[in-house]
Amino acid sequence: MEYVLRTSNLTKMFSKHCAVDNVSLHIKRGEIYGFIGRNGAGKTTFMKMISGLSAHTAGEIELFGEKMNNISKYKSRIGNLIEAPGIYPNMSGRSNLRCKSLALGIHREGYEDKLLEMVGLNNVGNKKVKNYSLGMKQRLGIAFALVGEPDFLILDEPINGLDPQGIAEIRDILLKLKAEKNMTILISSHILEELSKIADTFGIINEGRLIQEISAEDLMNKCSDYIELKLDNASRATTILDKLGFNDYKVTDKETICIYDQLDRSGELNSELVQNGCMVKSISVVQEKLEDYFLKLTGGDKDA
Amino acid sequence: MLNLIRMNIFRMIHSKSMWIILASMMAFAALNVCMSLNEANTYTEQDIQSILNQQSGGQYDIDTNDFNFGITANLPVSGDGIRVSAMNNFTTDLMSCVVLVFLAIASALFFNAETKNGFIKNIAGQVNDRAELFLAKAITMAIYTFVCFVIYFITDFVTLSIYTGSVAELYYGNLGKLMACVGIQFVLHVTFSSGVGLVATLTRSSSMAITLGLFSSFGMGMIVSTFVYVLTNINITRYFVVDNVKAVIFNSEYKILYGALAVGIIYAVVYNLAGSLILKKRDVV
Chain A
622 MEYVLRTSNL TKMFSKHCAV DNVSLHIKRG EIYGFIGRNG AGKTTFMKMI SGLSAHTAGE
682 IELFGEKMNN ISKYKSRIGN LIEAPGIYPN MSGRSNLRCK SLALGIHREG YEDKLLEMVG
742 LNNVGNKKVK NYSLGMKQRL GIAFALVGEP DFLILDEPIN GLDPQGIAEI RDILLKLKAE
802 KNMTILISSH ILEELSKIAD TFGIINEGRL IQEISAEDLM NKCSDYIELK LDNASRATTI
862 LDKLGFNDYK VTDKETICIY DQLDRSGELN SELVQNGCMV KSISVVQEKL EDYFLKLTGG
922 DKDA
Chain B
25 MLNLIRMNIF RMIHSKSMWI ILASMMAFAA LNVCMSLNEA NTYTEQDIQS ILNQQSGGQY
85 DIDTNDFNFG ITANLPVSGD GIRVSAMNNF TTDLMSCVVL VFLAIASALF FNAETKNGFI
145 KNIAGQVNDR AELFLAKAIT MAIYTFVCFV IYFITDFVTL SIYTGSVAEL YYGNLGKLMA
205 CVGIQFVLHV TFSSGVGLVA TLTRSSSMAI TLGLFSSFGM GMIVSTFVYV LTNINITRYF
265 VVDNVKAVIF NSEYKILYGA LAVGIIYAVV YNLAGSLILK KRDVV
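Note that the protein sequences, when read in sequence, are chains A and B. Here my numbering is used: the first residue of the first sequence is 622, the next is one more, and so on. Here my numbering is used: the first residue of the second sequence is 25, the next is one more, and so on.
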């Protein structure tokens, strides 16, 4: 299997604080890799290290099958958008792109216009960037990352602050890049449901440690179905659940219980509850959200 | 490296602040000529002798020179008294650190711009050697310094011609020495710009770099060297870039010119090595 990126025990220390702790991550060629983690989990630090913006304290990075020390010829094959896009506000979007093209030695006529068109900014290319909306700036940031036709795109929270339409547009751009150019994309985001629509593989990082690397298919299987029970008094119903042999359940509020086992017994459960005087408002089998799975995995559900 | 220089020139051309600085410098140059010519009418023999002493001796001698904080621009004088010519006037203005003041502001803003707005993140990961990021900026600022020199000289020439009502004399004295003086001043100015760039890179603060640059242009180094002189009886003035700028003029002795050139080159190497090393080793944030 051909990997674009492989890290082995990658570690970054800031004096005594370990921001990235022994992360071994694998990204296959042509896939979209969703990088999930809470604020301060170490996503940006990790992305900076693999982008060559930050030095690692320990471990190894292998890009395009070469060790990080020998990748000078591959550097131009990586495009990145880390945190907010770095742009000159008093220059137009086109001039900003021209700056990066010049830095990479690209002197093609109309090159910047093509990039602007790709991210849907062709009508505002001459407008000063300081007058751009947040969404337009994010799109320009993606255009920056695309200068030089990279094979590997590293995008840190590219849909942050975008409206639903903007998010959908960025999603379409990324899917198009993957389909048409076989581009490998590493993308981090807080909007997990959005990420789940495009990513092939997920890496979940918490407190600097990669706690799970999982394919989208496996993740969807893990985001298991459960019975969501809404009734007048949840605490009274727990006695009946115990009697019926339901062991894996959680009382989420005074009217709701989530049951994770024996999903096929929902009918029997309903009738038992009614017979025992519990008023069932609704009973349905729903799928666990990616967000809930992530919170469960990172211990975030306990904080709530 | 050439690509980075091209990029820096492009962004310099598109930077409003660099044009504003250039325009302000031109206005200052014109004003300076007019004010100096007005004041020259009031010069006494003693004033002329004092200027002559300062011009020929530079500011190396702590014992005999008065210390002035700020910019003091005089018209050039020859043995015969005040003699106005564009090139000679230009060298006395360089000596007075007028151009240095504008360069301090331009360098701080230019060196720090891409760190401040985060543009550096777009390119730092893709260049082969991050040291080139600093060197390219230093070279671009050297080009800007050259442009400043040319424009300042042209402004001097035009203003003198307008003020006197006839085409101004281009130069007098030894042309070779005059050109050597301008060349050495160029090296010193470029070195100073790299020094300000180093401070901006190190502190990531334009205001800090501008403040330090302005203070040194105004003669802060003289305070330090006087202090060292009082304590140790050693004159370190000749080893400062700005004090060498204040020492080099069209009629300076060769000893002063060579010394200034050496100081300029040594500091340029040190500043650029240090700046490159910082950008190479430090994480881009």
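The C-beta atom is built at its ideal place from N, Cα and C for all residues, glycine as well. From a predicted model like this one, the values you see are computed outputs, not experimental measurements.
DSSP-derived helix/strand/coil call for residue 876 (chain A): coil
Simplified DSSP assignment, three categories, for residue 148 (chain B): coil
Under 7 Å by beta carbon: chain A residues contacting residue 31 (chain B): 720, 723 and 724
Simplified DSSP assignment, three categories, for residue 647 (chain A): strand
CB of residue 725 (chain A) within 8 Å of CB of residue 673 (chain A), strictly: no
Beta-carbon gap between residue 628 (chain A) and residue 663 (chain A) smaller than 8 Å: no
contact_flag[the segment 730-747 of chain A, the segment 650-662 of chain A] where n(CB pairs < 8 Å) is 3 or more: no
Exposure of residue 633 (chain A), with buried meaning 16 or more beta-carbon neighbours within 10 Å: buried
For residue 213 (chain B), three-class secondary structure by DSSP: helix
Nearest neighbour of residue 119 (chain B), chosen from B:309, B:270 and B:290 [CA to CA]: B:270
Buried versus exposed, by CB contacts within 10 Å (16 or more), residue 266 (chain B): buried
CA nearest to the CA of residue 162 (chain B), picked from B:215, B:202, B:209 and B:149: B:215
Own chain, CB closer than 7 Å to residue 893 (chain A), minus 5 neighbours either side, in chain order: 861 and 865
DSSP three-state assignment for residue 824 (chain A), whether helix, strand or coil: strand
Completely contained alpha helix (DSSP H) runs for the segment 649-703 of chain A, where each covers 4 or more residues: 664-672
Where residue 138 (chain B) falls, given that 16 or more other Cβ within 10 Å makes a residue buried: buried
Beta bridge counterpart(s) of residue 774 (chain A) as assigned by DSSP: A:700 and A:806
Bridge partner(s) assigned by DSSP for residue 626 (chain A): A:648 and A:684
Segment contact flag, the segment 43-59 of chain B with the segment 837-844 of chain A, C-beta cutoff 8 Å, min 3 pairs: no
Which listed residue (A:641, A:685 and A:719) has its alpha carbon closest to that of residue 32 (chain B): A:719
Simplified DSSP assignment, three categories, for residue 639 (chain A): strand
Assigned secondary structure, residue 86 (chain B) (DSSP; H/G/I helix, E/B strand, else coil): Caution is warranted here: a pLDDT of 48 is assigned to residue 86 (chain B), below 50, making its placement in the model unreliable, and no coordinate value can be reported.
Beta-carbon separation (whole angstroms), residue 180 (chain B) vs residue 113 (chain B), contact threshold 8 Å: 5 Å
Span separating the alpha-carbon of residue 781 (chain A) from that of residue 916 (chain A): 19 Å
Simplified DSSP state of residue 119 (chain B), which is helix, strand or coil: helix
Strand pairing of residue 908 (chain A), partner residues [DSSP]: A:846
C-beta neighbour in chain A for residue 302 (chain B), strict 8 Å: no
CA-to-CA distance, residue 70 (chain B) to residue 35 (chain B), given in whole angstroms: 49 Å
Beta-carbon proximity of residue 272 (chain B) to residue 205 (chain B), cut-off 8 Å: yes
Pairwise C-alpha distance: residue 125 (chain B) and residue 675 (chain A): 35 Å
Which listed residue (B:213, B:195 and B:183) has its alpha carbon closest to that of residue 52 (chain B): B:183
Among B:219, B:187 and B:150, nearest to residue 290 (chain B) - alpha-carbon criterion: B:219
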